[in-house]
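The structure appears below as structure tokens.
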Amino acid sequence: AQKITQTQPGMFVQEKEAVTLDCTYDTSDPSYGLFWYKQPSSGEMIFLIYQGSYDQQNATEGRYSLNFQKARKSANLVISASQLGDSAMYFCAMRENSAGGTSYGKLTFGQGTILTVHP
Amino acid sequence: DVKVTQSSRYLVKRTGEKVFLECVQDMDHENMFWYRQDPGLGLRLIYFSYDVKMKEKGDIPEGYSVSREKKERFSLILESASTNQTSMYLCASSLGVLFPEAFFGQGTRLTVV
Chain S
1 AQKITQTQPG
11 MFVQEKEAVT
21 LDCTYDTSDP
31 SYGLFWYKQP
41 SSGEMIFLIY
51 QGSYDQQNAT
61 EGRYSLNFQK
71 ARKSANLVIS
81 ASQLGDSAMY
91 FCAMRENSAG
101 GTSYGKLTFG
111 QGTILTVHP
Chain V
1 DVKVTQSSRY
11 LVKRTGEKVF
21 LECVQDMDHE
31 NMFWYRQDPG
41 LGLRLIYFSY
51 DVKMKEKGDI
61 PEGYSVSREK
71 KERFSLILES
81 ASTNQTSMYL
91 CASSLGVLFP
101 EAFFGQGTRL
111 TVV
């Protein structure tokens, strides 16, 4: 079963508008972390934001916020005031902190969403 | 800043060749990972290492092996390259469970002809 699902292969947004990138996850581990990474065309993976499963508040980092709905097992990324430089591939990922830490920080990734920002 | 460096951005190899992809990190991280990225599949874990000389299989280890002789260096080895191993390979490192962020190298785009 897919542990991380990103159902939007591509998204388009107008510059200065907000956009939401969807991510749902599946785990039975009570302790886990959710991540979003950005991958520009140059290929490097840029860490954007992290949400722990026990965090009470939704994570925010500048223009990025994570809409964490634990009961629905969703962790959508919201980008406010989109910029042309936001055009990139975006990956949602999960780390399960199970079994005394033997996950060793392994990340499971979704398929990715290509975001295109139009001027 | 943490730096994870992969030895090559682009590689072209012939079928049957032995291929080494090298990755070095400069922040004394315990954990290192090799992922493969293919369109529509996201990143899939090939192997990871949580200490020197320790390694664990990821989700798609077939056709690959790894080596970690020093803490800062993690090598991915394709014993006999095949065309279905043409892909983007990404190395990552992280400090441990309590420190969430994983840091990635710039990626190696490998083409096997």
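Sequence lines, in order, name chains S and V.
Under the numbering used here, think of the first position of the first sequence as 1, with each following residue one higher.
Under the numbering used here, think of the first position of the second sequence as 1, with each following residue one higher.
Ideal placement from N, C-alpha and C gives every residue a C-beta, glycine not left out.
Q.
Does Gln-85 of chain V come out as helix, strand or coil in the three-state DSSP assignment?
A. helix
Q: Starting from the Cα of Ile-4 of chain S, find the closest Cα among V:Gly-42, V:Glu-22, V:Lys-3, V:Leu-21 and give me that residue.
A: V:Gly-42
Q) Going by Cα to Cα distance, which pick from V:Leu-90, V:Phe-104, V:Thr-83 is closest to Lys-18 of chain V? A) V:Thr-83
Q) Which residues, in chain order, does the stretch 43-65 of chain S contribute to contact with chain V at a C-beta distance below 7 Å? A) Gly-43, Glu-44, Met-45, Phe-47, Tyr-50
Q. Of all the options S:Tyr-90, S:Glu-44, S:Val-13, S:Val-117, which has the alpha carbon lying nearest to the alpha carbon of Asn-76 of chain S?
A. S:Tyr-90
Q. Which chain V residues sit within Cβ distance under 9 Å of Leu-107 of chain S?
A. Phe-33, Tyr-35, Leu-43, Leu-45, Ala-92, Ser-94, Ala-102
Q.
Short of 7 Å Cβ to Cβ, which residues in the stretch 4-19 of chain S face chain V?
A. none
**Q.** Proximal chain V residues relative to Phe-68 of chain S, where beta-carbon distance stays under 9 Å
**A.** Ordered by position in chain V, no residue passes the 9 Å Cβ test against Phe-68 of chain S, which lies about 14 Å from the chain.
Q.
Whole angstroms are fine: how far does the CA of Ser-67 of chain V sit from the CA of Asn-58 of chain S?
A. 39 Å
(Q) Please report the straight-line C-alpha distance between Tyr-37 of chain S and Asn-67 of chain S, rounded to a whole angstrom. (A) 15 Å
Q) From the beta carbon of Gln-83 of chain S, is the nearest beta carbon of chain V less than 8 Å away? A) no
Q | Own chain residues within Cβ distance below 7 Å of Val-12 of chain V, not counting five before or after | A | Thr-111, Val-113
Q) Rounded C-beta distance between Asp-29 of chain S and Thr-7 of chain S? I'm assuming under 8 Å. A) Not confirmed; about 22 Å, so no contact.
Q.
Rounding to the nearest angstrom, what Cα-Cα distance links Glu-30 of chain V and Pro-119 of chain S in this structure?
A. 43 Å
Q | Ser-94 of chain V burial status per 10 Å Cβ neighbour count (16 or more: buried) | A | buried
**Q.** C-beta atoms of Arg-72 of chain S and Tyr-32 of chain S nearer than 8 Å
**A.** no
Q) Can you list, in chain order, the residues of its chain whose CB lies under 7 Å from that of Pro-40 of chain S, leaving out five sequence neighbours each side? A) Ala-88
Q. Ala-92 of chain V: buried (16+ other C-beta within 10 angstroms of its C-beta) or exposed?
A. buried
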